[in-house]
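*Asks:*
There are 2 protein chains.
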Amino acid sequence: MNNDVILGKYFSLFNEIGIIEQLSRAFLEVQLPKGIIAPHFAVLNHLMRVNDGQTPLFLATAFQVPKTTMTHTLSGLSKHGLIEMRPNPKDARSKQVWLTEAGQELRNKTIAALGPYLQQVAEQVSTDELDTIVPILQKLREYMDEARNP
Amino acid sequence: MNNDVILGKYFSLFNEIGIIEQLSRAFLEVQLPKGIIAPHFAVLNHLMRVNDGQTPLFLATAFQVPKTTMTHTLSGLSKHGLIEMRPNPKDARSKQVWLTEAGQELRNKTIAALGPYLQQVAEQVSTDELDTIVPILQKLREYMDEARNP
DNA sequence: CTCCATTAATACGATATCGAACTAAATAGT
DNA sequence: ACTATTTAGTTCGATATCGTATTAATGGAG
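Laid out in C-alpha cells, this is it:
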C-alpha cells in the first residue's frame, strides 16, 4: 500500500482521538462543580484508584505535565478542600498529597453521575468492540510513551 | 457482564485516548516553530484540506471551541503571517480566513516532518489494526457529537 | 421604513499551561 | 567532612482557554 495512504490513516486516527478527547472532557466537566476541571478530577481519581500519599513530582510524571502545572492543579484542589498537602517524612524538600473526605466523595459522586451517560455510549459501541480497540490503543500509547522517554 | 466492569472498560478507553492525545500533541508541537502550537496547526491543516475563505465562526464550530478562543487563535496565526483575514463580501459583520504562502508552506513542511515518526509508529500498529479501530472510533465520535448537539 | 431580536466578531477578566529562574534540601565526588 | 551537583517544589512571566459583556450589521415583524 502507498505510503501516503498509510500516513493518511494515521492522521485520521489521531484526528478522531483528538475530537473524542475534547468531547469526553466536556462531558466530564459538566458533571463537576464550578471551578473544578478535568485535570483536578484526574488527580482525585488517580489518588483513589492507585493510592494517595504520592508526591507532586510523581503525579506530574504520571500525568506527563510540567511540575509547575501540577503545583497549580494541586493548589486548586487544596483550596477547594479536596486534598491535603503534608510534608514528606522521608524528604524535607518534598510533600505528600492526601485525599480529604470531600475529595473522595466528589470523585465517587462524579463517577456515579457519569454512569448513565456511559450506559448510553455502551449502546453504540459494543463490549466486543471495546475489547478490540482498547488493547491496540494501549500498545500505541506504550510505544509513543517510550519514544518520548528514550 | 457486570455493569461496573463495562463502565471500567469505558474509563480505560477514555483514559488511553486522553494520554494518546497528549502524546501526539507533544510530538506535533516539537515540529512547530516557537509560538505556533497545535491549535494553530489544526487550523492551517483544516484550511488546506477543506478550503480557505471560511469564517471564524465556522471554524470555531468545526473545532468545537468558543468563538473567543478562535478569535485568539486566528490573531496568533495572523500575527505570524500564516493567514490573512479579509472582510466577508457577503456580510459586513463577518470575515474570511485565507492562507498565505507562508501558511501553506508551514503546513506542508510540518506534515512532511511528521512522516518519519509516523513510519515508526506504523511498525507498531499494523494497517489492519488501524482499519479495525478507526471506524469504531468514528462511530463513537459521531454519537458523542450528536449527544452534545441535541 | 422602523424597531427589535439575532448574529459575527471582539474586549475583558479569570483561570490554566508551561518554560525559566530560584530556593532549599539531599547526595555525590573527592 | 566539604563542596559541587542534583532534585523537589515554588515563583514569575508569557500565552491559552473560556464565559460574559459589548459593538456593529443583519433580517424579520409590523
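Going down the list, the sequences are from chains A and B. Under my numbering, the first residue of the first sequence carries the number 1, and numbering increases by one thereafter. Under my numbering, the first residue of the second sequence carries the number 1, and numbering increases by one thereafter. Glycine is no exception: its CB is placed at the ideal position from the N, C-alpha and C atoms.
(1) According to a CB-to-CB cut-off of less than 8 angstroms, which residues of the region 121–144 of chain A neighbour chain B?
(2) Nearest chain A C-beta to S24 of chain B closer than 8 angstroms, yes or no?
(3) Flag A60 of chain A as yes if its beta-carbon sits less than 8 angstroms from any beta-carbon of chain B, otherwise no.
(4) Would you say A147 of chain A faces chain B, with C-beta separation under 8 angstroms as the test?
(5) P72 of chain B: buried (16+ other C-beta within 10 angstroms of its C-beta) or exposed?
(6) Starting from V97 of chain B, trace the beta strand (DSSP E) in both directions and tell me its first and last residue.
(7) What three-state label does DSSP hand P66 of chain A in the structure shown?
(8) In chain A, what lies closer than 8 angstroms to K9 of chain B by C-beta?
(9) Can you confirm whether Q154 of chain A, when its beta carbon is compared against all beta carbons of chain B, has any partner nearer than 8 angstroms?
(10) How about I20 of chain A: is its C-beta nearer than 8 angstroms to some C-beta of chain B?
(11) Is the beta carbon of N51 of chain B closer than 8 angstroms to that of R107 of chain B?
(12) When you compare the CB positions of L137 of chain A and I6 of chain B, do they come within less than 8 angstroms of one another, or not?
*Replies:* The answer reads as follows:
(1) V121, A122, Q124, V125, T127, E129, L130, D131, T132, I133, V134, I136, L137, Q138, K139, L140, R141, Y143 and M144
(2) yes
(3) no
(4) yes
(5) In the sequence on display, residue 72 of chain B carries His and not Pro. Burial call: exposed.
(6) K95 to L99
(7) coil
(8) T127, L130, D131 and V134
(9) Outside the displayed span of chain A (1 to 150) sits residue 154 of chain A, for which this structure offers no information.
(10) yes
(11) no
(12) no
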